[in-house]
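Everything below concerns the one structure shown next.
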Amino acid sequence: MIVPSTGMVYDVDLRTGRYVIGKERLEDYAQMFLSKYWVEALKTPMPLPVENIIEFMGLKLREAKLSPNSDVFGCCFLLDGEVDIFSDENDNPIKTAFSEGTVLIDPESVHSMGEGATRNTLIHEAIHWHKDKTFFDVLNLKQKGSNSVFTP
65 MIVPSTGMVY DVDLRTGRYV IGKERLEDYA QMFLSKYWVE ALKTPMPLPV
115 ENIIEFMGLK LREAKLSPNS DVFGCCFLLD GEVDIFSDEN DNPIKTAFSE
165 GTVLIDPESV HSMGEGATRN TLIHEAIHWH KDKTFFDVLN LKQKGSNSVF
215 TP
């Protein structure tokens with residue numbers, strides 16, 4: 065069940081406690097996000113400097129092939145973790161560790177989908193970092209010391 069919050073740009077999923085951006089609040093969320101990370105974009109119409117925003121947020125941008133058929137454009141590590149990376153030589157994935165705050169973008173997706181899709185993917189991952197980081201930190205702390213496996 066999703067419950068509208070009061071005074072915030074998020075709704076709250078009561079089952080998980082996660083923040084959800086309701087479709088009627090997208091404009092409010094965009095203004096809040098930009099006022100924190102690139103206020104100039106609220107003053108002057110401009111293409112968003114996505115790479116600058118990612119750098120300002122303290123995120124690390126890396127390239128990696130994320131799927132054998134390039135259907136995964138990017139991902140963001142909210143916690144330290146591993147993901148399968150594919151090579152051009154074979155389709156056998158290699159599990160690779162990345163630190164929290166890393167944003168991966170698939171260079172083959174960039175080539176096939178173009179700059180617009182790339183910029184959309186990067187800002188999408190930056191918004192995940194901004195919106196979901198605290199939730200994952202809390203879950204991680206709750207599960208430290210327990211025998212359960214972390215499952216968001």
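Letter by letter, the sequence shown follows residues 65 to 216 of this note's numbering. Where a beta carbon is used, it is the ideal one built from N, C-alpha and C, also for glycine.
Legend entry - Through-space distance from GLU153 to ILE118, alpha-carbon basis: C-alpha separation (whole angstroms): 31 Å.
Inset, instruction - Taking 9 Å as the cut-off, decide whether the C-beta atoms of LEU123 and GLY86 are in contact. - result: no
Legend entry - Span of the alpha helix (DSSP H) around THR182: 179-207
Legend entry - Cβ-based neighbour list, GLY103, same chain, cut-off 8 Å, excluding 5 preceding and 5 following: Reading off the sequence shown, one finds Val at residue 103, where the question assumed Gly. Within the same chain, VAL103 has no close Cβ partners at all.
Inset, instruction - Tell me whether PHE120 sits in a helix, a strand or coil according to DSSP, three-state version. - result: helix
Legend entry - Reduced DSSP secondary structure (H/G/I, E/B, other) of ASP128: Looking at the sequence shown, residue 128 is not Asp but Ala. Coil, per DSSP.
Legend entry - Nearest-angstrom Cβ-Cβ length linking ILE169 and LEU143, presumed shorter than 8 Å: With a Cβ gap of about 19 Å, ILE169 and LEU143 do not count as contacting.
Inset, instruction - State whether the stretch 95-109 contacts the stretch 131-138, with contact taken as three or more CB pairs (one from each stretch) at a distance under 8 Å. - result: no
Legend entry - Reference VAL140; option with closest CA among HIS194, VAL84, PHE97, LEU203: Correcting the residue identity first, residue 140 is Cys in this sequence and not Val. Among HIS194, VAL84, PHE97, LEU203, the Cα nearest to that of CYS140 is on HIS194.
Legend entry - Residue from ASP75, THR80, ARG183 with nearest C-alpha to LEU203: THR80
Legend entry - Alpha-carbon to alpha-carbon, LYS206 and GLY178: 41 Å
Inset, instruction - State the start and end residues of the unbroken beta strand (DSSP E) segment that holds GLU146. - result: 145-149
Legend entry - Supposed contact pair VAL147 and LEU130 - C-beta distance, whole angstroms, cut 8 Å: 7 Å
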